[in-house]
Each structure stands twice: as C-alpha cells, then as structure tokens.
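Colleague:
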Amino acid sequence: MPLHNVTIDDASALIGYYNPNGIPWKDSPSNDTSLGDYWDQTYHSSNQSGAWSTFRFQGVAVYLFAATRWMHGKYNIFMDGQLTYQGNGYTQSSIFNQLVFNTTGLSPGWHNLTFVSTEPGRYIEVDYISWTTVMSAALIESSGAPIPPTPGNMTYNGSLWEGEESGSIPYMVTRTNGAQANVTFKGNGIELHGRTGPDYGIVQVDSYDFHELNAYSGRVHNTMLFRQDNLPNGEHTLVVTNRGDTSLAIISAQPITWSEDPNELCWFFFGSGSLDDNLNTMAYIEKIPLETPTFMSHLTYRRHLHSLLCHMRGK
C-alpha cells in the first residue's frame, strides 16, 4: 500500500498567516478573474515584505502548492527553523496548481513549514498543502461516521453555544472566551471541521499534543480546523476551547482508524523484553538520545522515539 497523504485548503485553521505590519493576507479576492482556476476556488496571498505563513504537521513529507503569476516574487522556505529553499513565484503567464516546494524523507514526528516573502511589492500565495502522515505503508486509513455538535455526541455548556445553519450545513457557535466542547471518540486520530472567517479567531486544542490555531480569514469557509493521528487504539477525548473575544464554530468531528495500532506495529523489531526496555536498547544501538527535550512532554517524546525507530528499522 502507498503512504497516506492528507490535503487541506488554504482556508484551514491549520495554516497560519502573519504580517510584520499587521495587514491581513488577502483571501480569495472576488475581483480576481482567475479565482476559478484555484483548488476549491480559494487562495491566500500577501505582497508585504516579510509576510509569512506557517504550517505545523505530523508526518514524513510535505508539499506546498500555489500558482505562479506575473505579480509574484521571491520567497524563502524554512523547515523546522532552518532555511531550506529559496524560490521565485514569477512567471510571465499564470500557471496554476504548481508544486512550489516539497521535502520528503523527514523523520516521523512533528515539523514546521514556514513560507516567507522576500521581495517587496511582489506576492506570495498558498493554494493548498498536502502532507504524508507517519502511518506505515503497510496500513490502511479509514474514516468513521462524522460526530455532529449536538448533546449526546459532544459535551458542552448549552448556555454558551448556539445552533446555527449556513445553507444546508448545521454548526454550533460560541462567542464566549473560554467556552469548551469535548469530543470523546475511539480510533487512532481525529479531524475537526468548522468555520474560518472574519468573525473567528484563536482556537486552543488539547489532545495528545497542545495546539493553538487561528480561524480568522477574510471570507467565510467551511474547512478542516484540526487533525491529529498516530494515537494508540482506544478511547480519546479532544478538548476545543475558544480564546479571546472572537467566535468558534464547529461543524463536526470525524474519527480516524488505522488498520493496526501504530504503537504496536513494529515491536517485533525490538526483541521480547518490555516495551520501555526494548525502546531504550534500540535507541542506544542507533545512538539516539534518550533524554526528553525540555520543550516536549516525556510521553510525547517516547512516542516520537518509537515512530522514529520503527521508521529506521524498516517499517
């Protein structure tokens, strides 16, 4: 089986957009006659020097797509804080659906992609991003039934949330700082779908790893707010919190199941001792530090170490 890729649109809260002067990135300007040539007819762009976009993901490869056009210019790509690539998005005629950067063979774990404008007055843009998860090629991913934001499916304070609908899509929204929604699910991962737009802002997600996302966008979109996978089999709880004086809107959550527990898949490489003892032994053989970094929890680092060793030992 091939490795598994996930694709998100530029409007996803998983992608952050920033500017040193505070000017928001442009979101799918309606006066652009080429808007229909973009994936899902949306894109984010900025012509401010020093503007940057970030994407944090758990995987082994990442692919950044955009158009190249006459008003585009030079950019830098940083992976995990290191300058990796310098490119130029200029072409005399517009070319859409272009792979403007990719990197493969990353160590399985969390990584940060940063996309920075370096030419004043010229645009950089994001159309969509794909990444390859840490799931072994031997496994298959399947999606469970969507969990709607209703009592009995999610846990929340009904006085802080309201049910609304856009078109035929129902969702629940809160305008209260600190309002939470809890989603309990079984599986190896979860996707949270909701809305981004002018009324939305900072979202805190507590699962296996802490995330803070920004759901602000120039226009309203129904999109993926968050995804996490590589969880052990069993029951998990996702906690989503609205932060600040903006709104948070949730459409659904969708559990992810892998055909085997990713945390049990490759222990036969490590011998017959306890899981911790075998992990320590293999880390010593491969000369990988066992000390937990100060910026990461002990459990998260042990899971990262396990994924890395599985990858190195052939799975």
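Each residue of the sequence shown is one higher than the one before, counting from 43 in the working numbering. The beta-carbon is built from N, C-alpha and C at its ideal position, and this holds for glycine as well.
1) Could you check whether the stretch 280–294 touches the stretch 211–225, counting it as contact only if at least three pairs of C-beta atoms, one from each stretch, sit closer than 8 Å?
2) When we look at the beta-carbon of residue 154 and count the other beta-carbons within 10 Å, is it buried (16 or more) or exposed?
3) Who are the Cβ neighbours of residue 385 in its own chain at under 6 Å, not counting the five residues just before and after it?
4) If you draw a straight line from the C-alpha of residue 291 to the C-alpha of residue 241, how long is it?
5) Should the stretch 54–62 be regarded as contacting the stretch 110–129, the criterion being three or more beta carbon pairs within less than 8 Å?
6) Could you tell me which residues DSSP pairs with residue 151 in its beta bridges?
7) Give me the DSSP bridge partner(s) of residue 197.
8) Identify, in the order they occur along the chain, each residue of the same chain with its Cβ nearer than 7 Å to the Cβ of residue 217, setting aside the five sequence neighbours on each side.
9) I need the straight-line Cα distance from residue 255 to residue 265, nearest angstrom please.
10) So, for residue 238: in the same chain, excluding its five sequence neighbours on each side, which residues have a beta-carbon less than 8 Å away from its beta-carbon?
11) Would you kindly work out how many angstroms separate the C-alpha atoms of residue 90 and residue 298, rounded to a whole number?
12) Going by Cα to Cα distance, which pick from 122, 180, 201 and 126 is closest to residue 100?
13) Using alpha carbons as the reference points, say which of 147, 157, 152 and 148 lies closest to residue 131.
14) Among the residues of its own chain, which have a CB less than 7 Å from the CB of residue 195, if the five just before and after it don't count?
15) Would you grab the beta carbon distance between residue 193 and residue 200 for me? Rounded to a whole angstrom, and I think it's under 8 Å.
16) Which word fits residue 84, buried or exposed, when buried means at least 16 other C-beta atoms lie within 10 angstroms of its C-beta?
17) Can you give me the Cβ contacts of residue 235 inside the same chain, cut-off strictly under 6 Å, excluding the 5 residues immediately before and after it?
18) Within this structure, are the beta carbons of residue 110 and residue 133 separated by less than 8 Å?
19) From residue 274 to residue 301, what distance separates their C-alpha atoms?
20) Would you decide whether residue 71 is buried or exposed? Buried here means 16 or more other CB atoms lie within 10 Å of its CB.
21) Where does residue 358 land, buried or exposed, given buried means 16+ other C-beta within 10 angstroms?
22) Among the candidates 51, 65 and 166, whose CA atom is the shortest distance from the CA of residue 118?
23) Could you check what DSSP says for residue 314 in three-state terms: helix, strand or coil?
24) Taking C-alpha atoms, which residue in 247, 244, 246 and 231 lies nearest to residue 303?
Modeller: Inspection of the coordinates gives the following:
1) yes
2) Under this definition residue 154 is an exposed residue.
3) Lying before the first or after the last residue shown, residue 385 is absent from the chain, which here runs from 43 to 357.
4) 10 Å
5) no
6) DSSP, once it has assigned bridges, lists 101 as partnering residue 151.
7) DSSP output for residue 197 lists 224 as bridge partner(s).
8) 289
9) 13 Å
10) For residue 238, the CB contacts under 8 Å within the same chain, skipping 5 residues up- and downstream, are 53, 54, 55, 257, 258, 259, 262, 263, 265 and 267 in chain order.
11) Straight-line Cα distance between these residues: approximately 38 Å.
12) Taking only the C-alpha atoms, the option nearest residue 100 is 122.
13) 157
14) 189
15) 7 Å
16) Here residue 84 is buried: its Cβ has 16 or more other Cβ atoms, across all protein chains shown, within 10 Å.
17) 266, 293 and 294
18) yes
19) 12 Å
20) exposed
21) Coverage of the chain is limited to positions 43 through 357, which leaves residue 358 absent and any answer about it impossible.
22) 166
23) Per-residue confidence for residue 314 stands at a pLDDT of 41, beneath the threshold of 50, marking its modelled position as unreliable; no derived number is given.
24) 231
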